[in-house]
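Following: one structure in C-alpha cells, then a few remarks.
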Amino acid sequence: MHPILAIAAASDDYDLPQPAPARISQAWIVTFGDLIALMLTFFVMLYTISSREPSKVDAAVSSVNEKFAISRIFSGNGLMAAKSGIVLTEQEYLDDVITTIRGRSAFGEIKTVLSGDGTLTARIERDGLFVPRTGVLTAEGREFAQEISRILLKQNSGLALRSMDIRLTAPVEEIDSATLAPVTEAPAVIRQAGSFIRELTDAGVSGKVISASVIPGEKPELLLLFYSATAPGADAAD
Numbered sequence: 184m185h186p187i188l189a190i191a192a193a194s195d196d197y198d199l200p201q202p203a204p205a206r207i208s209q210a211w212i213v214t215f216g217d218l219i220a221l222m223l224t225f226f227v228m229l230y231t232i233s234s235r236e237p238s239k240v241d242a243a244v245s246s247v248n249e250k251f252a253i254s255r256i257f258s259g260n261g262l263m264a265a266k267s268g269i270v271l272t273e274q275e276y277l278d279d280v281i282t283t284i285r286g287r288s289a290f291g292e293i294k295t296v297l298s299g300d301g302t303l304t305a306r307i308e309r310d311g312l313f314v315p316r317t318g319v320l321t322a323e324g325r326e327f328a329q330e331i332s333r334i335l336l337k338q339n340s341g342l343a344l345r346s347m348d349i350r351l352t353a354p355v356e357e358i359d360s361a362t363l364a365p366v367t368e369a370p371a372v373i374r375q376a377g378s379f380i381r382e383l384t385d386a387g388v389s390g391k392v393i394s395a396s397v398i399p400g401e402k403p404e405l406l407l408l409f410y411s412a413t414a415p416g417a418d419a420a421d
C-alpha cells in the first residue's frame with residue numbers, strides 16, 4: 184500500500200468511536216441526604232404496617248439499630264413517633280417485657296398486650312402459672328417470674344425506676360371470703376399473689392416497686408402492668 188494511503192487508513196481507524204469505559208458502581212447510600220431519605224421510607228413503611236396489623240410492628244421495631252434510632256409505637260391507633268439519634272431506654276425496657284411475655288406461649292393464649300404512654304399491660308391466663316386451686320407456682324410459673332425479675336433488675340437501660348402492678352382476677356364471692364378468712368386460710372387467689380411477689384423479691388426485686396391487688400373477674404387471669412420511669416403513676420412506687 185502507498186504510504187499516503189496507509190496513513191489515511193490508519194487515520195480512519197483512529198476516528199472510529201471507541202467503547203465507553205465501564206462505570207464504577209456506586210453504593211446506594213452515598214450522602215447524608217440519601218440516608219435520611221432511606222430512613223423516611225422505612226418509617227412510612229412501618230406506619231403502613233401499624234395501620235393494618237399492629238401486632239407486626241413490635242418485630243419491625245426490634246430490628247432497628249438501637250444506636251441510631253428507636254421507634255415508639257402506640258398500637259391502639261397506629262400512631263408512630265420516631266426520634267433519630269436518641270436511644271429511648273424506656274421503650275427498650277417495655278420491648279424487653281413484650282419479648283419475654285410473648286415468648287411464654289406455654290401459658291395459653293395471651294388476651295392482650297397493650298403499650299402506650301410508658302405503660303405496658305399484659306393479660307395472661309392464670310391457670311398455667313399456678314397449681315390449680317392452690318397458691319403454689321408451677322415450674323413454668325417460677326421460670327416466668329424469674330424472667331420478669333431479670334427485666335426489672337436489668338441495669339443497662341438507664342432507668343432510675345421501673346415498677347409493676349400485679350392484678351389477679353377472681354369471682355366476687357372468692358374476694359368476699361378473703362376479707363373474712365384468717366391469713367393461714369386465705370383463698371387460693373390471695374396465696375397466688377403472695378407466691379408470685381415472693382418469687383420476685385427472692386430474686387432481688389425491691390418490694391417498693393411492686394404492688395398487687397385482687398379484682399373481680401369471670402376468668403382466672405393475671406394482669407401485669409409495667410411502668411417506665413416517666414409513666415403516669417410510676418412515681419407511686421417510690
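Residues in the sequence shown are numbered from 184 upward in steps of one, following the numbering used here. All C-beta atoms in this analysis are idealised placements derived from N, C-alpha and C, irrespective of residue type, glycine included.
- prompt: Can you give the beta carbon distance from Leu-407 to Ala-322, rounded, assuming they're within the 8 Å contact cut?
  reply: Counted from its first residue, the sequence shown places residue 407 at position 224. Counted from its first residue, the sequence shown places residue 322 at position 139. About 19 Å; that fails the 8 Å criterion.
message: Quick check on Val-355: buried or exposed, where buried means 16 or more other Cβ atoms within 10 Å of its Cβ?
response: As a position in the sequence shown, residue 355 is number 172, starting the count at 1. Classification for Val-355: exposed.
- prompt: Three-state secondary structure (DSSP) at Ala-353?
  reply: Stepping through the sequence shown from its first residue, residue 353 is reached at position 170. Note: Ala-353 maps to strand in three-state DSSP.
query: Could you give the residue range of the alpha helix (DSSP H) that holds Phe-327?
result: Within the sequence shown, the letter at position 144 stands for residue 327. That run of the alpha helix (DSSP H) goes 322-336.
query: Which value, in whole angstroms, describes the spacing of the CA atoms of Phe-327 and Arg-381?
result: Translated into the one-based positions of the sequence shown, residue 327 becomes position 144. Translated into the one-based positions of the sequence shown, residue 381 becomes position 198. Using only the alpha carbons, I get a separation of about 13 Å.
- request: Would you list the residues sitting across from Phe-379 in a DSSP beta bridge?
  value: Locating residue 379 in the sequence shown gives position 196, where the first residue counts as 1. Phe-379 pairs with nothing; no bridge assigned.
query: Between Ile-269 and the rest of its own chain, which residues show a CB-CB distance below 6 Å, the 5 nearest in sequence each way excluded?
result: Residue numbering aside, residue 269 sits at position 86 when the sequence shown is read from its first letter. Note that Ile-269 scores a pLDDT of 33, beneath 50, so its modelled location is shaky and nothing firm can be said.
message: Using the three-state DSSP reduction, which class does Asp-348 fall into: helix, strand or coil?
response: Here the question's residue 348 lines up with position 165 in the sequence shown. Reduced to three states, the DSSP call for Asp-348 is strand.
message: One question on the structure: do Gly-318 and Ile-393 come within less than 9 Å of each other, judged by their Cβ atoms?
response: Indexing the sequence shown from 1 puts residue 318 at position 135. Indexing the sequence shown from 1 puts residue 393 at position 210. Cβ distance not < 9 Å, so Gly-318 and Ile-393 don't count as in contact.
- request: Going by DSSP, name the residue or residues bridged to Pro-399.
  value: Residue numbering aside, residue 399 sits at position 216 when the sequence shown is read from its first letter. Bridge partners of Pro-399: Ala-353.
- prompt: For Thr-317, does the three-state DSSP call read helix, strand or coil?
  reply: Taking the sequence shown and counting its residues from 1, one reaches residue 317 at position 134. Thr-317 falls in the coil class under three-state DSSP.
field: Best match in Ser-378, Arg-350, Ile-331 and Lys-337 for proximity to Val-314 [C-alpha to C-alpha]
entry: Taking the sequence shown and counting its residues from 1, the one referred to as residue 314 is at position 131. Looking at the Cα atoms, Ser-378 is the closest of the given residues.
task: State yes or no: is the C-beta of Pro-399 within less than 9 Å of the C-beta of Arg-309?
output: As a working mapping, residue 399 is identified with position 216 in the sequence shown. As a working mapping, residue 309 is identified with position 126 in the sequence shown. The answer is no: Cβ separation not under 9 Å.
- prompt: Residues in its own chain within less than 7 Å of Leu-405 by CB, not counting five upstream and five downstream?
  reply: Counting from one through the sequence shown, the residue named residue 405 turns up at place 222. Correct list, in chain order: Ile-307, Arg-309, Leu-312 and Leu-351.
task: Name the residue from Tyr-410, Leu-303, Glu-401 and Phe-409 whose alpha carbon lies nearest to the alpha carbon of Glu-357.
output: In the sequence shown, counting from the first residue as 1, residue 357 sits at position 174. Considering only alpha carbons, the answer is Glu-401.
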